[in-house]
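What follows is a set of notes on a single structure, which appears directly below.
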Ligand SMILES: Nc1nc2c(ncn2[C@@H]2O[C@H](COP(=O)(O)OP(=O)(O)OP(=O)(O)O)[C@@H](O)[C@H]2O)c(=O)[nH]1
Ligand SMILES: [Mg+2]
């Protein structure tokens with residue numbers, strides 16, 4: 001039985017990323033030592049490397065209280081020692097959202113805690129993460145179990161406050177439990193916890209988010225608006241003995257379903273605690289049948305494919321690992337969950353492979369090597385021609401060689417001019433592309449929304465103000481999509497010009513302007529805003545503070561997405577022609593160097609032997625450069641990146657698919673128009 005699938009996949013993923021990063025660095029170093037790479041190429045390499053380094057793999061556990069979210073994390077992270085890492089008990093245990101990871105920049109085992117009082121401000125969690133002074137840090141030595149437990153158990157800490165203070169912190173009375181003798185109520189002591197723990201899985205870049213049940217998501221807008229959408233996988237926990245309860249369904253609908261539908265997050269629904277259905281009086285076959293039935297019913301209720309619902313026992317998984325009892329572990333079905341997660345890690349790897357920056361970097365390496373090899377073979381032909389020429393014809397032969405080179409240089413020069421014109425053509429789209437998402441326009445819409453909100457004393461008025469704001473956002477999105485379509489036509493027409501001599505459309509398809517990611521984000525925010533609007537009548541009377549925090553977070557997230565969009569489009573304008581430019585500049589540069597050498601030879605009236613020697617030196621330099629690039633090139637072509645085929649075959653535009661044929665047809669039409 002495979003009990004280490006996730007660990008193995010994470011290790012493989014990291015090794016793969018390191019290898020990719022190392023290859024890009026080798027190319028960068030090669031360029032530096034041979035002075036052969038333009039600053040544009042270097043920038044692409046740097047950005048691709050940043051992408052690889054910044055990438056974490058995040059799993060978030062979501063569900064009602066006591067479904068076993070924390071127990072599942074304990075089983076996932078168990079290594080040795082026979083103890084639970086995180087507190088997991090009957091009833092409410094985890095009181096604040098908790099992120100568990102290993103921060104290799106500050107390699108200290110510690111728990112950082114954000115006091116609940118920070119909820120009185122409208123500052124977002126993201127901003128608090130940048131202000132270390134607001135956090136209480138408790139360091140611990142993992143070999144000291146009592147110290148570790150005391151530090152980590154803080155995630156279930158409560159504090160007693162007056163009911164009025166609890167309301168100010170955004171809690172609703174019905175969320176709070178019994179009052180103590182002094183009439184106070186218990187609220188979580190911390191708003192958020194960050195646990196940095198040196199652990200083999202976390203060292204590989206795994207990040208786990210544990211959330212408390214009981215309306216924690218509703219109370220912390222940033223969790224639903226930002227943290228969950230950014231996770232690569234969401235585990236939604238239910239209890240096998242209860243099936244999908246009404247409150248499970250509410251959490252599913254409000255916080256998870258939408259993320260799954262947008263298909264950027266892998267969602268697995270888990271029916272936990274199957275051991276509570278194990279019954280000595282029933283045959284194992286009967287028990288399996290009844291678990292299978294619950295699984296099928298759950299899949300239907302959640303509208304998921306049955307293979308996305310897994311019946312497990314987190315507790316038996318943990319106990320099986322602790323006691324090294326393989327049959328118990330197998331029966332808990334925990335290894336199946338780990339295999340599923342391993343598949344999600346693999347998917348994440350494919351997404352990196354499909355990233356334009358990574359594809360471009362590989363393309364440049366291959367392109368550089370091929371240009372170099374071509375130039376070298378041409379030089380070898382030249383020297384052969386010169387060698388076979390009689391000494392008295394040498395001057396004439398040199399002249400012929402220069403003419404040939406000048407001709408090809410002329411071709412590249414013409415291409416360079418055409419590329420500059422193309423770049424200007426793209427640049428001329430800038431204003432129209434960026435206008436719908438300009439910060440001025442957005443800030444105007446935000447201030448209109450704030451004014452309307454401030455004047456709205458009724459739920460209807462508030463709902464209308466939020467609705468109007470998102471109508472504005474939608475209309476900007478619509479507007480920009482029309483502009484993108486136009487700009488992509490221009491790009492296609494450029495890539496398809498005969499002088500670029502491209503075989504296949506892969507390169508062009510990779511460089512079309514796509515904003516799937518940002519569009520998805522804005523749609524999700526819109527959907528959340530709608531859900532919020534419709535729940536306003538129940539919220540208004542009790543949660544003024546929450547409404548403010550929600551709206552602020554929402555607006556901030558829209559703002560962030562706009563900033564991201566602006567950056568994305570600006571980069572596209574600068575970089576979408578870079579593969580063509582790189583190839584052209586590089587060939588041109590090689591030819592120029594060579595032509596200079598031939599001109600010097602002609603001018604210096606050297607002997608035939610000296611001329612041959614000089615050309616031989618040139619060949620030698622090219623050969624040295626090629627030899628040092630060759631191992632990297634061989635590595636790359638022996639293990640190429642596998643492209644995301646579907647993305648290259650069709651360009652998705654606002655849910656509509658433009659076929660490759662159509663794109664080509666459009667390109668030809670534009671090209672003909674320009675020719676005319
Ligand atoms: N029998 C059984 N009990 C389990 C299983 N998983 C968790 N439990 C128990 O259920 C109780 C609640 O588990 P937790 O992991 O604390 O649940 P949670 O979802 O994190 O709950 P909150 O932190 O309150 O949101 C604990 O006593 C666990 O030991 C399981 O697979 N089988
Ligand atoms: Mg918990």
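Numbering (my numbering), first residue to last: 1 to 676.
Note that CB positions come from ideal geometry on N, CA and C, so glycine has one too.
Just so you know, these numbers come straight off a predicted model, no measurement behind them.
Residue interval of the beta strand (DSSP E) (run including residue i)
i	result
residue 196	190-196
residue 160	158-161
residue 153	Residue 153 -> no beta strand (DSSP E), and no H or E assigned at all.
residue 41	Here residue 41 belongs to no beta strand (DSSP E); instead the alpha helix (DSSP H) covers 39-53.
residue 266	266-272
residue 99	98-101
residue 238	233-239
residue 207	206-210
residue 629	That residue, residue 629, is in no beta strand (DSSP E); its alpha helix (DSSP H) goes 608-638.
residue 113	110-115
residue 172	Careful: residue 172 lies outside any beta strand (DSSP E) and carries neither H nor E.
residue 58	57-63
Status (buried if at least 16 other CB within 10 Å, exposed otherwise) for residue i
i	result
residue 266	buried
residue 50	exposed
residue 583	buried
residue 646	Legend: pLDDT at residue 646 = 36, less than 50; position of this residue unreliable, value from coordinates given subsequently. Residue 646 is exposed by the Cβ-count criterion.
residue 328	buried
residue 417	exposed
residue 306	exposed
residue 86	buried
residue 199	buried
residue 225	buried
residue 74	buried
Alpha-carbon to alpha-carbon, residue j and residue i
i	j	result
residue 107	residue 567	32 Å
residue 11	residue 78	17 Å
residue 122	residue 115	14 Å
residue 438	residue 481	14 Å
residue 94	residue 557	27 Å
residue 284	residue 167	50 Å
residue 349	residue 13	7 Å
residue 178	residue 90	17 Å
residue 429	residue 76	50 Å
residue 6	residue 36	41 Å
residue 156	residue 357	43 Å
residue 530	residue 92	30 Å
residue 588	residue 573	23 Å
residue 410	residue 29	31 Å
residue 195	residue 207	10 Å
residue 643	residue 366	Below a pLDDT of 50, predicted positions are generally treated as unreliable, and residue 643, at 39, falls in that range; the measurement from the model is reported next regardless. Distance between the alpha carbons of residue 643 and residue 366: 16 Å.
residue 294	residue 236	16 Å
residue 376	residue 384	12 Å
residue 60	residue 347	17 Å
residue 145	residue 83	9 Å
residue 453	residue 150	45 Å
residue 19	residue 26	10 Å
residue 341	residue 125	28 Å
residue 147	residue 141	7 Å
Host alpha helix (DSSP H) of residue i (start-end)
i	result
residue 379	356-388
residue 140	Segment: none, residue 140 is in no alpha helix (DSSP H) and carries neither H nor E.
residue 603	578-604
residue 467	459-495
residue 322	314-322
residue 297	284-302
Within 7 Å, strictly: CB atoms of residue i and residue j
i	j	result
residue 629	residue 614	no
residue 301	residue 244	yes
residue 272	residue 68	yes
residue 422	residue 484	no
residue 209	residue 99	yes
residue 309	residue 269	yes
residue 513	residue 488	yes
residue 276	residue 241	yes
residue 211	residue 62	yes
Check: residue i C-beta below 6 Å from any heavy atom of ligand 4
i	result
residue 65	Among the ligands modelled here, namely ligand 1 and ligand 2, ligand 4 does not occur.
Closest Cα partner of residue i within the set the options
i	options	result
residue 213	204, 202, 96 and 181	96
residue 184	191, 190 and 173	173
residue 527	195, 479 and 229	229
residue 445	113, 382 and 465	465
residue 684	112, 147 and 141	Outside the shown range of the chain (1 to 676) lies residue 684, about which nothing can therefore be said.
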